[in-house]
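Asks: Just dropping this structure here.
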Amino acid sequence: MNASERGVVELILAQDFPGAAELRAQIDFAEVVAQWAEGSVSVDLRVREGAPRSAGVSGVIPVDATVLDTSGSLIGEILLWATDGYLSAIEYAWYGDEPPSVLPEPDLISIEVRS
């Protein structure tokens with residue numbers, strides 16, 4: 004993962020929820036294996052061997068990561084995905100006409116654990 008991808012993943016996984024500790028331990032083992040489309044900032048991840056599995060975590064990580072612009076308007080959200088207990092994707096869903104060309108800076112992301 005590049006620094007931007009890692010920063011977003013670390014921000015989301017800094018929250019406490021069941022399985023978060025194991026997912027945090029996977030960060031150093033995670034690598035980008037594909038972009039979702041040419042120019043997309045959404046990517047598929049693969050966790051290399053040696054990382055702990057996060058039992059029971061599959062689908063979207065239970066953290067709302069909403070993206071705001073510098074004026075505080077909602078412009079998108081980041082979804083962090085896991086498959087069978089391993090980090091599997093970073094998705095930037097945007098609310099507008101033009102897709103983003105970069106991931107947002109962490110200070111523009113509002114975080115809340117879903118209950």
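Using the numbering used here, the letters of the sequence shown map in sequence onto residues 4 to 118.
Don't be surprised by glycine CBs; every beta carbon is placed ideally from N, CA and C.
Quick caveat, the model's predicted, so the values are computed rather than measured.
#1: From valine 35 to serine 74, what does the alpha carbon distance come to, in whole angstroms?
#2: Counting along the chain, where does the alpha helix (DSSP H) carrying leucine 14 start and finish?
#3: Please give the ranges of any beta strand (DSSP E) in the stretch 27–68, keeping only runs that are unbroken, at least 3 residues long and fully inside the region.
#4: Please name the residue or residues paired with glycine 79 in a DSSP beta bridge.
#5: How would you call tyrosine 98, buried or exposed, if buried means at least 16 neighbouring beta carbons within 10 angstroms?
Replies: On the basis of the coordinates in this document:
#1: 31 Å
#2: 6–16
#3: 33–38 and 46–50
#4: Val70 and Trp97
#5: exposed
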